[in-house]
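K.L.:
Handing you a structure now.
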Amino acid sequence: MASTDLSFGCIPAFYREVYEKICSPTSGTVEREVFKSLLVKSQLSSSVLSQIWELVDSKTGYLTRSGLYKGLALVAFAQQGKHPSDKLLENSESQELPVPVQGDLSEVTLLAQRLHKGSNPAKLNLTYSDICNLDTIETLQRLRIVARASLSKISLQADTEVTAEKNRGSGLSISGRKETIPTEIPHRARHPVVSKDHIVQFFFTYTGEETQHKIREVFRRVPDEFATLELSSRAKELVPPETLTEFANSRDQIRVILLGISRLKNIADCLAIRSHSYAVDMAELGTQLSNLASEPHGTTAWATGGSTIWQEMKKGFHIISKEFNLLSTRALQQAVREETMVCERLNLLLDVLVAHRILCERHKRGVSADHQRALSTMLSLKKRQMHGVIRGTDSDTVEYLENKMVAQESVIANVELRNCFSLHCLHMETQLVHAHLEILATVLQRLVNVQIRGHSELAEVWKLIEPTIMKCLPEKTTSGSNGIS
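Under full-length UniProt numbering, think of the first position of the sequence shown as 1, with each following residue one higher.
What follows is the structure in structure tokens.
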């Protein structure tokens, strides 16, 4: 038996559960750092842990499933007071291996997940919470400067600043929409690729003046991401055969989602507008009551026939008007909450979805079209060569065409690699869109909370108004003796 292998004893279910939690989803191995973290959870002395590590360390930087099982068994034996050794395992050949006491393994599981996220470049492996934790930027300065600069360098990532400008002219946002800068900067700061770009990092850290000119000066000759990322050289490996079909399907799916989110955004805007209108109406109602209370004309017996109801009502209007002003204030607060907690969050999601659509269009008009043109040029050269052979064209012309074809093959190879890299970026951006869809769930939750709070606050004010009216208005009016119940 190899020193790092386990071939004795029956495996408890606990071993399999631990393995499933911490193994790599692609290779099935366990990272060395993860296993060391697991060993620490056993509460054994450092000398004992070192002995266990020596027995399972395969010198490869990771453990196999069998190596992990062996480590867990040795930990369990050590917790029983036994000296860890291969002999202990050999003596357990016909028995079930002991189960170690490990405690809470959540930290170990999280460590394994973090290490595994970067193992497959074709998998994003990020939730929306992970994206938010990448960074949070609260500055509102100089966004469009870096947007224009970064767009020329990072053309294969979704750009929400361009999206916002298109939104403002496309009817996707209502007139009077707040500036989108507060959502655009976090988009860049939280983007897994864009946030690491030197232009973006320079923008967030530069404190001098003339930022726009400084960025142009420093990054004028910086090539695009295809030329700078090592990943681009193996782009073909990252694009599976079904990519084009999957891309078309996901593009249609996101188009449908975009239409739905756009409609939800319009509805949310209407809710906020209605709350604003309600606030205005209540304020106007209070103003008119106040005006009626200040009505200067005196009343005579000739006009009233001896009735004092109007004079009594005017006394109460001043008090009641203040209550309606409070109602207006509460409605305005509700409108602000609907705008900031619902509408702006939907704006953020909408920007991501529209940015993906624009990115798809950019891919189609850009590298995809270049690839098709390169193939078309090669086909044209082959036809000319074939016609030349049939007609007996001189050797110089044939050689010229052959040289052109060789050069065109190089062009095709380069453009094809760019096309594959663009498809890979689209794949990652599509996964990023799906990670952002979690926003919709939080928006719905916030919508419910906002409406509950808003209606509760308005109901409280109405309840305050009711006894005030009962006190200030004539008894016959408040008792419903007019037949109005």
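Just so it is clear, CB atoms sit at the ideal spot from N, CA and C, and this is done for glycine as well.
Here the structure is a predicted model, which is why all the values come from computation and not from measurement.
Hey, quick one: how far does the alpha helix (DSSP H) through Pro-467 stretch, first residue to last?
P.N.:
Segment 438-472, the alpha helix (DSSP H) holding Pro-467.
K.L.:
Under a Cβ-count criterion, where at least 16 other Cβ atoms within 10 Å of its own Cβ denotes burial, should Leu-140 be classed as buried or exposed?
P.N.:
At Leu-140, the pLDDT of 40 sits below 50, so the modelled position is not reliable; the number obtained from the coordinates is stated separately. Per the 10 Å Cβ criterion, exposed.
K.L.:
Can you have a look at Leu-271 and say buried or exposed, based on whether 16 or more other CB atoms are within 10 angstroms of its CB?
P.N.:
So Leu-271 counts as buried.
K.L.:
Where Glu-54 and Leu-432 are concerned, what is the direct C-alpha to C-alpha distance, given to the nearest angstrom?
P.N.:
About 42 Å.
K.L.:
DSSP on Glu-96, reduced to helix/strand/coil?
P.N.:
Residue state, collapsed to three classes: strand.
K.L.:
Measuring alpha carbon to alpha carbon, tell me which of Arg-263, Thr-430, Ser-321 and Gly-454 ends up nearest Arg-251.
P.N.:
Of the listed residues, the one whose Cα sits closest to Arg-251 is Thr-430.
K.L.:
Could you check whether Leu-110 and Lys-41 sit closer than 8 Å to each other, using their CB atoms as the reference points?
P.N.:
Not a contact, by the Cβ cut-off of 8 Å.
K.L.:
What is the DSSP secondary structure of Leu-63, reduced to helix, strand or coil?
P.N.:
Leu-63 falls in the strand class under three-state DSSP.
K.L.:
DSSP puts Glu-31 in a beta bridge; with which residues?
P.N.:
Tyr-62, per the DSSP bridge assignment.
K.L.:
Excluding five sequence neighbours on each side, which residues of the same chain lie with their C-beta closer than 7 Å to the C-beta of Val-48?
P.N.:
Excluding sequence neighbours, Val-48 sits near Ala-78 and Pro-84.
K.L.:
Would you list the residues sitting across from Cys-10 in a DSSP beta bridge?
P.N.:
Looking at the DSSP assignment, Cys-10 forms a beta bridge with Glu-96.
K.L.:
Would Cys-360 be called buried (16 or more neighbouring beta carbons within 10 Å of its own) or exposed?
P.N.:
Its Cβ being crowded by 16 or more others within 10 Å, Cys-360 is buried.
K.L.:
Contact check, Ile-273 vs Leu-349 under 8 Å by CB: the rounded distance?
P.N.:
Not a contact, Cβ separation roughly 20 Å.
K.L.:
Closest to Thr-329 by CA distance: which of Met-282, Thr-245, Thr-442 and Ser-422 is it?
P.N.:
Here the closest residue by C-alpha is Met-282.
K.L.:
Determine the burial state of Thr-397: buried for a count of at least 16 other Cβ atoms within 10 Å of its Cβ, exposed for fewer.
P.N.:
Its Cβ having fewer than 16 others within 10 Å, Thr-397 is exposed.
K.L.:
Taking the straight line between their C-alpha atoms, what separation do you get for Val-108 and Tyr-69?
P.N.:
Cα to Cα, Val-108 sits roughly 16 Å from Tyr-69.
K.L.:
Could you round the C-beta distance between Arg-235 and His-276 to whole angstroms and report it? I think they count as a contact, below 8 Å.
P.N.:
Residue identity check: residue 235 is Ala in the sequence provided, not Arg. That pair is no contact at about 50 Å.
K.L.:
Under a Cβ-count criterion, where at least 16 other Cβ atoms within 10 Å of its own Cβ denotes burial, should Lys-265 be classed as buried or exposed?
P.N.:
Per the 10 Å Cβ criterion, buried.
K.L.:
For Val-446, which residues from the same chain have a beta carbon less than 8 Å from its beta carbon, with the 5 sequence-adjacent residues on both sides left out?
P.N.:
The residue asked about is misnamed: residue 446 is Arg in this sequence, not Val. Only Met-341, Val-342 and Arg-345 meet the Cβ criterion.
K.L.:
So what does DSSP say about Leu-55, is it helix, strand or coil?
P.N.:
Helix at Leu-55.
K.L.:
Rounded to whole angstroms, what is the Cα-Cα separation between Leu-238 and Glu-246?
P.N.:
So the alpha carbons of these two residues sit roughly 14 Å apart.
K.L.:
If you follow the alpha helix (DSSP H) that Gly-286 is in, where does it begin and where does it stop?
P.N.:
Where Gly-286 is concerned, the enclosing alpha helix (DSSP H) stretches over 243-293.
K.L.:
Spatial neighbours of Thr-468 within its chain, please: C-beta separation below 7 Å, excluding the five flanking residues on both sides.
P.N.:
Excluding residues within five positions, the ones whose Cβ falls inside 7 Å are Ile-319, Ile-320 and Glu-323.
K.L.:
When you compare the segment 408-420 with the segment 368-377, are there three or more beta-carbon pairs, one atom per stretch, that lie closer than 8 Å?
P.N.:
Segments in contact, yes.
K.L.:
Between His-436 and Val-352, which are expected to be in contact by the criterion C-beta below 8 Å, what is the C-beta distance as a whole number of angstroms?
P.N.:
Confirmed, Cβ separation roughly 5 Å.
K.L.:
Distance check for Val-448 and His-434, CA to CA, integer angstroms please.
P.N.:
So the alpha carbons of these two residues sit roughly 23 Å apart.
K.L.:
Classify Val-415: buried if its beta carbon has 16 or more other beta carbons within 10 angstroms, exposed otherwise.
P.N.:
With 16 or more Cβ atoms within 10 Å of its Cβ, Val-415 is classed as buried.
K.L.:
Verify whether the separation of the beta carbon atoms of Val-367 and Asn-403 is less than 8 Å.
P.N.:
No. Outside cutoff.
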